[in-house]
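First the structure, in the form of structure tokens, and then the observations on it.
Numbering (my numbering), first residue to last: 169 to 785.
Here it is, written out as structure tokens:
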């Protein structure tokens with residue numbers, strides 16, 4: 169165990185974490201050069217297409233330094249704030265972190281957020297600036313800033329290039345020298361209980377292996393390795409999941425290279441996987457503790473559990489409905505599988521009078537929702553219609569009872585008071601764009617909490633409605649700062665709000681997926697923008713379609729999509745006899761009225777792409 173090093177790479181989005189991981193895999197010989205491909209640890213197609221890491225990815229590497237062989241367990245982490253829960257779980261499974269900073273961009277908002285998270289976790293942090301092959305004139309300044317952030321000398325900040333491999337071997341040496349060997353589990357009150365413990369930090373489903381747990385072993389020091397207890401676990405051993413009170417026999421175990429590599433056993437301090445053989449995804453919880461049960465366990469097994477993780481709080485809620493109503497059970501099963509791989513997802517049954525049965529689902533942010541929607545389509549081939557994203561409101565009813573509503577269609581008509589979620593947003597922007605960033609107050613009502621100068625940048629802390637944040641605040645911020653500003657955020661609480669329920673009707677039918685809660689003073693503006701956009705986005709039909717926005721039954725905005733007109737042909741040089749045209753027009757009109765009547769009694773289908781377009785403010 170003394171020759172094991174567990175560490176992760178943390179950074180802002182697009183600072184080169186995955187590319188650096190590629191070079192580490194090459195240099196350690198984990199992946200042959202001929203098999204190497206860019207972003208090797210990004211296994212999802214979406215990750216490669218978008219150029220971002222969505223899921224943490226563990227990998228085991230072997231490296232020899234001064235004739236001593238070492239096992240290096242690396243976890244590559246996402247950089248976007250919506251996936252900060254992934255980062256926090258990774259940090260609990262390691263003893264050290266490499267903080268990576270892009271020499272062309274410098275310290276960003278998520279750099280700060282990840283640094284403080286790693287610091288609070290008690291990890292050894294190694295600072296490194298990446299992309300030095302670009303020969304940026306800002307390199308020395310960014311090294312200085314990074315050293316100041318970490319509280320170290322500038323000479324301790326490493327210069328690396330994930331693209332060329334320059335400085336990566338020096339980084340490996342620093343990881344071995346500075347990051348401590350794995351910590352062991354300290355039993356409360358002291359002592360040794362001779363029981364194997366493993367923390368489940370992630371999981372996924374395998375068709376043949378069942379539910380597979382990704383684990384970090386934290387056994388008590390001094391335990392015996394015999395009988396599957398103490399410091400190791402073997403295939404065929406009996407094991408137990410504490411949170412769900414579930415017993416299973418280890419079907420397979422091993423490490424990540426990054427593909428699954430079967431091993432004989434998994435030992436104290438190691439990171440690896442345990443195939444449970446369980447077919448029900450609900451039986452495994454992220455943060456649970458796996459213990460070996462080959463020997464008798466105490467009656468109160470909960471005392472054996474490791475600390476685990478704090479459950480993430482969903483902040484964005486979207487209802488999903490299968491296009492084919494018969495696929496509801498398939499949809500439910502797909503979300504159960506996704507939840508195994510993304511424990512931050514929350515879902516429960518929902519029903520829509522037009523769309524039928526569906527699932528109301530909770531996410532950690534807008535990007536998290538968009539990624540999940542795409543994964544649902546690509547990985548499970550289920551076509552869905554989803555509602556407009558909403559947030560959770562606390563509402564005081566006429567009888568003084570408080571309720572929580574996260575689905576706009578459940579918003580009551582009469583109430584005394586509404587509280588909406590508020591987020592504290594940290595914006596890091598170059599000082600020359602500060603004025604443009606502050607002018608965003610014209611479109612978004614936010615309070616400035618504090619400003620702090622960090623070298624040539626300004627850290628602005630603001631208080632903002634979560635509903636505004638999940639629209640397009642990030643996009644507007646990028647536009648205002650020419651792409652240089654970045655942000656991180658966390659939910660801070662609730663504040664009183666003046667809001668109303670805005671309903672949208674197409675061809676006389678309410679489209680509940682487009683129903684949303686908006687601020688009262690912006691309701692008319694939002695209604696007008698919505699009907700105008702829908703007029704542009706909705707396809708024309710053989711009949712005219714009225715698009716209306718209403719509050720409490722009162723229409724406040726309306727547009728009409730005209731019916732498609734049939735080409736009546738060329739009736740001679742001068743257009744032909746008008747009476748013949750009139751006959752055809754009247755016939756066409758009767759047909760359109762009939763179609764319109766049929767449509768009024770049918771389900772209105774709004775493509776999912778239109779919902780995404782309407783996210784923009």
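All C-beta atoms in this analysis are idealised placements derived from N, C-alpha and C, irrespective of residue type, glycine included. Bear in mind the structure is a predicted one, so any value in this text is a computation, not a measurement.
| Item | Value |
| --- | --- |
| To which residues does DSSP link residue 661 through a beta bridge? | 590 |
| Roughly how many angstroms lie between the CA atoms of residue 352 and residue 459, to the nearest whole one? | 15 Å |
| If I measure Cβ to Cβ from residue 769 and keep anything under 8 Å in the same chain, skipping five residues before and after, which residues do I get? | A caution first: residue 769 carries a pLDDT of 48, below 50, which makes its placement in the model too unreliable to give a value. |
| For the beta strand (DSSP E) that residue 402 lies in, which residues bound it at each end? | 400-402 |
| Return the bridge partner residues of residue 576 from the DSSP annotation. | Residue 576 is not bridged to any residue. |
| Check each candidate in 374, 566 and 487 and name the one with the smallest Cα separation from residue 540. | 487 |
| What are the complete alpha helix (DSSP H) segments, minimum 4 residues, inside the region 287-352? | 307-318 and 336-346 |
| Nearest-angstrom Cα distance between residue 198 and residue 242? | 12 Å |
| Inspect the beta-carbon positions of residue 297 and residue 325 and report whether they are closer than 8 Å. | yes |
| Could one say the Cβ of residue 239 lies closer than 8 Å to chain B's Cβ atoms, at least one of them? | In the structure shown, chain B cannot be found, because there is only a single protein chain. |
| If you check the beta carbons only, do residue 344 and residue 173 fall under 8 Å apart? | yes |
| Answer yes or no: do residue 717 and residue 699 have a C-beta to C-beta separation smaller than 8 Å? | yes |
| What is the rounded straight-line gap between the Cα of residue 445 and the Cα of residue 201? | 34 Å |
| Are three or more beta carbon pairs between the region 552-559 and the region 677-695 nearer than 8 Å? | yes |
| How big is the Cα-Cα spacing for residue 375 and residue 386? | 28 Å |
| I'd like the span of the beta strand (DSSP E) that includes residue 231, first residue to last. | 225-233 |
| Which partner residues of residue 615 appear in the DSSP bridge assignment? | 631 |
| Counting C-beta neighbours from all protein chains within 10 Å, is the total for residue 284 16 or more, i.e. buried, or is it exposed? | exposed |
| From residue 632 to residue 249, what does the alpha carbon distance come to, in whole angstroms? | 16 Å |
| By how many angstroms is the C-alpha of residue 655 removed from the C-alpha of residue 310? | 19 Å |
| In the DSSP assignment, find the unbroken alpha helix (DSSP H) run with residue 644 in it and report its ends. | 642-648 |
| Residues in its own chain within less than 6 Å of residue 615 by CB, not counting five upstream and five downstream? | 631 |
| Curious, which full-length alpha helix (DSSP H) runs of at least 4 residues does the region 170-196 contain? | 185-195 |
| If we ignore side chains and look at the alpha-carbon of each, how far apart do residue 644 and residue 554 end up? | 24 Å |
| Give the DSSP-derived three-state secondary structure of residue 519 in the structure shown. | strand |
| Check residue 677 in the structure and name its three-state DSSP category. | strand |
| Determine the extent of the beta strand (DSSP E) in which residue 564 is found, giving its start and end residues. | 561-564 |
| Extract the residue ranges of the beta strand (DSSP E) inside the region 261-287, only unbroken runs of 3 or more that lie entirely within it. | 264-270 |
| Does the region 286-300 come into contact with the region 327-338, if we say contact requires no fewer than three beta-carbon pairs (one atom in each stretch) closer than 8 Å? | yes |
| At 3 residues or longer, what runs of the beta strand (DSSP E) sit wholly inside the region 417-479? | 420-424, 428-430, 433-435, 439-443 and 457-460 |
| Can you name the start and end residues of the beta strand (DSSP E) that residue 489 belongs to? | 484-490 |
| Using DSSP with H/G/I as helix, E/B as strand and the rest coil, what is residue 526? | strand |
| Using beta-carbon positions only, say whether residue 648 and residue 601 come within less than 8 Å of one another. | yes |
| Does DSSP put residue 696 in a helix, in a strand, or in coil? | helix |
| Kindly give me the distance between the Cβ atoms of residue 619 and residue 628, rounded to whole angstroms, as I take these residues to be in contact under 8 Å. | 5 Å |
| Hey, is the region 173-190 in contact with the region 256-270, meaning 3+ C-beta pairs nearer than 8 Å? | yes |
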